[in-house]
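J.: This is the structure I have questions about; it appears just below.
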Amino acid sequence: MRLSRYGGSPNIGVFAAANESFALAAANCDDQFIRDIEEALNVECTRMTVAGSYLIGSLTVMNSNGAVVSGLAEEHELKAMRRFLPVLALDDRLNAAGNNILANDHGAIVNPNMSDRSLRSIEKTLGVECVRSAIAGIETPGAACRVTNKGAAVHMGASEEDMALIADVLKVEPYKTTLNHGSRLIAPCVIANSKGALVGDTSTPIEMGRLEEALKLY
(Lines of atoms letter the chains of each structure in order from A; the text may use other names.)
(Lines give C-alpha, C1' and ligand atoms only; values in the text may rest on other atoms or scores of the structure.)
Protein backbone atom coordinates (compact mmCIF):
# COMPACT_ATOMS: atom_id res chain seq x y z
CA MET A 0 0.00 0.00 0.00
CA ARG A 1 1.33 3.40 -0.96
CA LEU A 2 0.27 7.03 -1.43
CA SER A 3 -0.05 8.86 -4.74
CA ARG A 4 -1.81 11.64 -6.62
CA TYR A 5 -2.89 12.32 -10.18
CA GLY A 6 -2.23 15.73 -11.71
CA GLY A 7 -2.26 17.42 -8.32
CA SER A 8 -5.43 15.62 -7.15
CA PRO A 9 -5.61 12.98 -4.40
CA ASN A 10 -8.80 11.60 -6.00
CA ILE A 11 -6.82 8.98 -7.88
CA GLY A 12 -9.63 6.42 -8.06
CA VAL A 13 -11.48 8.63 -10.55
CA PHE A 14 -8.67 8.22 -13.07
CA ALA A 15 -7.87 4.48 -13.00
CA ALA A 16 -9.46 1.04 -12.70
CA ALA A 17 -7.92 -2.32 -11.83
CA ASN A 18 -8.58 -6.02 -11.43
CA GLU A 19 -6.30 -8.85 -10.34
CA SER A 20 -4.33 -8.91 -13.60
CA PHE A 21 -4.01 -5.41 -15.00
CA ALA A 22 -4.95 -1.76 -14.58
CA LEU A 23 -6.10 1.07 -16.84
CA ALA A 24 -5.15 4.68 -16.18
CA ALA A 25 -5.92 8.04 -17.76
CA ALA A 26 -4.05 8.55 -21.02
CA ASN A 27 -2.49 11.80 -19.83
CA CYS A 28 -1.12 10.52 -16.51
CA ASP A 29 2.58 10.80 -15.80
CA ASP A 30 5.04 7.93 -15.61
CA GLN A 31 5.21 8.11 -11.81
CA PHE A 32 1.47 7.45 -11.52
CA ILE A 33 1.83 4.36 -13.73
CA ARG A 34 4.74 3.12 -11.62
CA ASP A 35 2.79 3.72 -8.43
CA ILE A 36 -0.13 1.63 -9.69
CA GLU A 37 2.06 -1.18 -10.98
CA GLU A 38 4.12 -1.42 -7.81
CA ALA A 39 1.22 -1.09 -5.35
CA LEU A 40 -1.12 -3.55 -7.12
CA ASN A 41 1.49 -5.83 -8.73
CA VAL A 42 -0.07 -5.49 -12.19
CA GLU A 43 0.77 -3.98 -15.56
CA CYS A 44 -0.93 -0.65 -16.23
CA THR A 45 -2.02 0.68 -19.64
CA ARG A 46 -2.93 4.27 -20.50
CA MET A 47 -6.47 4.66 -21.88
CA THR A 48 -9.39 6.95 -22.50
CA VAL A 49 -13.05 5.96 -22.20
CA ALA A 50 -15.49 7.99 -24.29
CA GLY A 51 -12.56 10.32 -24.92
CA SER A 52 -12.41 11.01 -21.18
CA TYR A 53 -9.65 10.57 -18.62
CA LEU A 54 -12.22 9.56 -15.95
CA ILE A 55 -11.37 5.86 -16.28
CA GLY A 56 -12.38 4.92 -12.74
CA SER A 57 -15.77 6.61 -12.91
CA LEU A 58 -16.63 5.10 -16.30
CA THR A 59 -15.18 1.57 -15.89
CA VAL A 60 -15.67 -1.39 -13.58
CA MET A 61 -13.72 -4.64 -13.90
CA ASN A 62 -13.42 -8.03 -12.28
CA SER A 63 -11.47 -11.08 -13.44
CA ASN A 64 -14.19 -12.08 -15.90
CA GLY A 65 -14.92 -8.87 -17.77
CA ALA A 66 -15.29 -5.12 -17.83
CA VAL A 67 -18.26 -2.76 -18.13
CA VAL A 68 -17.68 0.72 -19.52
CA SER A 69 -19.75 3.71 -20.52
CA GLY A 70 -21.90 3.17 -23.57
CA LEU A 71 -20.31 6.31 -24.99
CA ALA A 72 -16.96 4.52 -25.32
CA GLU A 73 -15.47 4.69 -28.79
CA GLU A 74 -14.82 1.59 -30.89
CA HIS A 75 -11.03 1.94 -30.81
CA GLU A 76 -11.19 2.12 -26.99
CA LEU A 77 -13.32 -1.02 -26.78
CA LYS A 78 -10.98 -2.82 -29.17
CA ALA A 79 -7.98 -1.91 -27.01
CA MET A 80 -9.69 -3.16 -23.84
CA ARG A 81 -10.85 -6.39 -25.49
CA ARG A 82 -7.21 -7.41 -25.83
CA PHE A 83 -7.40 -8.08 -22.10
CA LEU A 84 -10.94 -9.36 -21.40
CA PRO A 85 -14.60 -9.23 -22.56
CA VAL A 86 -16.06 -5.71 -22.46
CA LEU A 87 -19.65 -4.46 -22.29
CA ALA A 88 -20.44 -0.93 -23.46
CA LEU A 89 -23.35 -0.14 -21.13
CA ASP A 90 -26.30 1.12 -23.17
CA ASP A 91 -28.12 2.77 -20.29
CA ARG A 92 -28.68 6.34 -19.13
CA LEU A 93 -26.74 5.28 -16.02
CA ASN A 94 -23.62 4.72 -18.10
CA ALA A 95 -20.91 5.79 -15.62
CA ALA A 96 -20.22 2.12 -14.93
CA GLY A 97 -17.53 2.63 -12.32
CA ASN A 98 -19.82 4.77 -10.19
CA ASN A 99 -22.98 2.72 -10.69
CA ILE A 100 -21.57 -0.79 -10.21
CA LEU A 101 -19.70 -2.18 -7.19
CA ALA A 102 -18.25 -5.56 -8.20
CA ASN A 103 -15.69 -8.23 -7.46
CA ASP A 104 -15.36 -11.85 -8.63
CA HIS A 105 -18.20 -12.96 -6.32
CA GLY A 106 -21.04 -10.54 -7.05
CA ALA A 107 -22.13 -7.01 -7.90
CA ILE A 108 -24.29 -4.31 -6.32
CA VAL A 109 -25.69 -1.83 -8.83
CA ASN A 110 -27.61 1.43 -8.89
CA PRO A 111 -31.21 0.69 -7.84
CA ASN A 112 -32.46 2.46 -10.98
CA MET A 113 -30.53 0.23 -13.39
CA SER A 114 -32.76 -1.30 -16.09
CA ASP A 115 -33.52 -5.02 -16.23
CA ARG A 116 -31.81 -5.30 -19.62
CA SER A 117 -28.65 -3.65 -18.32
CA LEU A 118 -28.69 -5.83 -15.21
CA ARG A 119 -28.74 -9.00 -17.33
CA SER A 120 -25.95 -7.70 -19.57
CA ILE A 121 -23.78 -6.80 -16.58
CA GLU A 122 -24.32 -10.24 -15.03
CA LYS A 123 -23.32 -11.93 -18.28
CA THR A 124 -20.18 -9.83 -18.76
CA LEU A 125 -18.92 -9.94 -15.18
CA GLY A 126 -20.05 -13.52 -14.62
CA VAL A 127 -21.72 -12.74 -11.29
CA GLU A 128 -25.15 -12.14 -9.81
CA CYS A 129 -26.19 -8.48 -9.60
CA VAL A 130 -28.34 -6.99 -6.84
CA ARG A 131 -29.84 -3.51 -6.97
CA SER A 132 -29.25 -1.34 -3.90
CA ALA A 133 -28.09 2.02 -2.66
CA ILE A 134 -25.33 2.08 -0.04
CA ALA A 135 -25.51 4.67 2.75
CA GLY A 136 -28.43 6.20 0.86
CA ILE A 137 -26.18 6.76 -2.17
CA GLU A 138 -27.48 5.31 -5.43
CA THR A 139 -23.97 4.96 -6.88
CA PRO A 140 -22.51 2.08 -4.84
CA GLY A 141 -19.39 1.97 -6.99
CA ALA A 142 -18.49 5.46 -5.79
CA ALA A 143 -19.45 4.92 -2.14
CA CYS A 144 -17.23 1.87 -1.63
CA ARG A 145 -14.16 0.03 -2.91
CA VAL A 146 -14.25 -3.77 -2.99
CA THR A 147 -11.71 -6.46 -3.84
CA ASN A 148 -11.90 -10.25 -3.60
CA LYS A 149 -10.61 -10.03 -0.02
CA GLY A 150 -12.41 -7.07 1.54
CA ALA A 151 -14.50 -3.94 1.21
CA ALA A 152 -13.88 -0.36 2.34
CA VAL A 153 -17.29 1.20 2.88
CA HIS A 154 -18.85 4.65 3.30
CA MET A 155 -19.17 5.63 6.97
CA GLY A 156 -22.91 6.14 6.57
CA ALA A 157 -23.60 2.53 5.61
CA SER A 158 -26.37 0.92 7.66
CA GLU A 159 -26.31 -2.52 9.24
CA GLU A 160 -28.50 -3.68 6.36
CA ASP A 161 -26.01 -2.26 3.85
CA MET A 162 -23.13 -4.04 5.56
CA ALA A 163 -25.03 -7.32 5.60
CA LEU A 164 -25.88 -6.95 1.91
CA ILE A 165 -22.24 -6.35 0.98
CA ALA A 166 -21.17 -9.41 2.96
CA ASP A 167 -23.89 -11.55 1.38
CA VAL A 168 -23.50 -10.46 -2.25
CA LEU A 169 -19.77 -9.77 -2.49
CA LYS A 170 -18.67 -12.50 -0.04
CA VAL A 171 -16.27 -10.24 1.88
CA GLU A 172 -16.29 -8.59 5.29
CA PRO A 173 -17.09 -4.86 4.94
CA TYR A 174 -15.33 -2.26 7.05
CA LYS A 175 -16.21 1.43 7.35
CA THR A 176 -13.61 4.13 6.89
CA THR A 177 -12.88 7.52 5.39
CA LEU A 178 -9.95 8.40 3.11
CA ASN A 179 -8.26 11.58 1.86
CA HIS A 180 -8.57 13.23 5.28
CA GLY A 181 -12.26 12.65 5.88
CA SER A 182 -13.83 11.87 2.51
CA ARG A 183 -16.74 9.46 2.93
CA LEU A 184 -16.85 8.54 -0.76
CA ILE A 185 -14.26 5.79 -0.82
CA ALA A 186 -13.78 4.84 -4.48
CA PRO A 187 -12.45 8.22 -5.67
CA CYS A 188 -9.68 7.96 -3.08
CA VAL A 189 -8.21 4.52 -3.82
CA ILE A 190 -7.31 2.01 -6.55
CA ALA A 191 -7.10 -1.55 -5.26
CA ASN A 192 -7.04 -5.27 -5.90
CA SER A 193 -6.46 -8.19 -3.54
CA LYS A 194 -2.68 -7.68 -3.76
CA GLY A 195 -2.46 -4.03 -2.78
CA ALA A 196 -3.84 -0.52 -2.82
CA LEU A 197 -2.83 2.92 -4.06
CA VAL A 198 -4.31 5.65 -1.91
CA GLY A 199 -4.80 9.39 -2.29
CA ASP A 200 -1.91 11.17 -0.62
CA THR A 201 -4.00 13.29 1.74
CA SER A 202 -5.13 10.15 3.56
CA THR A 203 -4.06 10.06 7.20
CA PRO A 204 -2.11 7.26 8.91
CA ILE A 205 -5.29 6.28 10.77
CA GLU A 206 -7.20 6.06 7.49
CA MET A 207 -4.40 4.01 5.96
CA GLY A 208 -4.60 1.59 8.85
CA ARG A 209 -8.36 1.27 8.48
CA LEU A 210 -8.01 0.66 4.75
CA GLU A 211 -5.43 -2.03 5.38
CA GLU A 212 -7.90 -3.70 7.74
CA ALA A 213 -10.81 -3.26 5.32
CA LEU A 214 -9.03 -4.76 2.31
CA LYS A 215 -7.13 -7.38 4.35
CA LEU A 216 -3.75 -6.16 3.09
CA TYR A 217 -1.62 -7.92 5.68
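Residue numbering for the sequence shown follows numbering that gives the first Met the number 0, starting at 0 and increasing by one per position.
For glycine and all other residues, C-beta sits at the position ideal for the given N, C-alpha and C.
Excluding the 5 residues flanking residue 58 on each side, which residues of the same chain have their C-beta closer than 7 Å to its C-beta?
T.: Counting only Cβ-Cβ distances below 7 Å, and skipping sequence neighbours, we find 49, 50, 52, 68, 69, 95, 96, 97.
J.: Determine the direct distance from the alpha carbon of residue 160 to that of residue 82, and round the result to whole angstroms.
T.: Each residue's Cα considered, the two are about 39 Å apart.
J.: When you compare only the Cα positions, how much space is there between residue 206 and residue 155?
T.: Whole-angstrom Cα-Cα distance: 12 Å.
J.: With burial defined as no fewer than 16 other Cβ atoms inside 10 Å of the residue's Cβ, what is the status of residue 163: buried or exposed?
T.: Residue 163 comes out exposed.
J.: Is the CB-CB distance between residue 100 and residue 141 below 8 Å?
T.: Yes; because the gap between Cβ atoms is below 8 Å, this pair is in contact.
J.: Are the CB atoms of residue 10 and residue 195 within a distance shorter than 8 Å?
T.: No. Outside cutoff.
J.: Hey, quick one: how far does the alpha helix (DSSP H) through residue 80 stretch, first residue to last?
T.: That run of the alpha helix (DSSP H) goes 74 to 80.
J.: Just the C-alpha distance for residue 114 and residue 108, rounded to the nearest angstrom, thanks.
T.: Whole-angstrom Cα-Cα distance: 13 Å.
J.: With DSSP collapsed to three states, give me the class of residue 138.
T.: The answer is coil: DSSP assigns residue 138 none of H, G, I, E or B.
J.: DSSP state of residue 124, grouped into three classes?
T.: Reduced to three states, the DSSP call for residue 124 is helix.
J.: Judging by CA-CA distance, which residue of 186, 150, 177, 176 is the nearest neighbour of residue 170?
T.: Cα-wise, what sits closest to residue 170 is 150.
J.: Determine the DSSP secondary structure at residue 21, reduced to helix, strand or coil.
T.: Correct three-state label for residue 21: strand.
J.: Provide the residue(s) that pair with residue 192 in DSSP beta bridges, ordered along the chain.
T.: Beta-bridge pairing links residue 192 to 195.
J.: Pull up the distance between the alpha-carbon of residue 87 and that of residue 120, whole angstroms please.
T.: Computed Cα separation, rounded: 8 Å.
J.: Applying the criterion that 16 or more other CB atoms from any shown protein chain within 10 Å of the CB defines a buried residue, is residue 166 buried or exposed?
T.: Per the 10 Å Cβ criterion, exposed.
J.: Around the C-beta of residue 158, are 16 or more other C-beta atoms found within 10 angstroms, so that it is buried, or is it exposed?
T.: Looking at its Cβ environment, which holds fewer than 16 other Cβ atoms inside 10 Å, residue 158 is exposed.
J.: Decide if residue 217 is buried, meaning its Cβ has at least 16 other Cβ atoms within 10 Å, or exposed.
T.: The residue in question, residue 217, is exposed, as its Cβ has fewer than 16 Cβ neighbours within 10 Å.
J.: Could you check what DSSP says for residue 207 in three-state terms: helix, strand or coil?
T.: Looking at residue 207 - three-state DSSP - the assignment turns out to be helix.
J.: Can you list the alpha helix (DSSP H) stretches of 4 or more residues lying completely in the region 36 to 74, in chain order?
T.: Segments of the alpha helix (DSSP H) lying fully in the region 36 to 74: 55 to 58.
J.: Please list the terminal residues of the continuous alpha helix (DSSP H) segment that includes residue 151.
T.: Note, residue 151: premise wrong, no alpha helix (DSSP H); beta strand (DSSP E) at 151 to 153.
J.: So, are the CB atoms of residue 218 and residue 132 less than 8 Å apart?
T.: Look at the range of the chain in this structure, 0 to 217, and you will see that residue 218 is not part of it.
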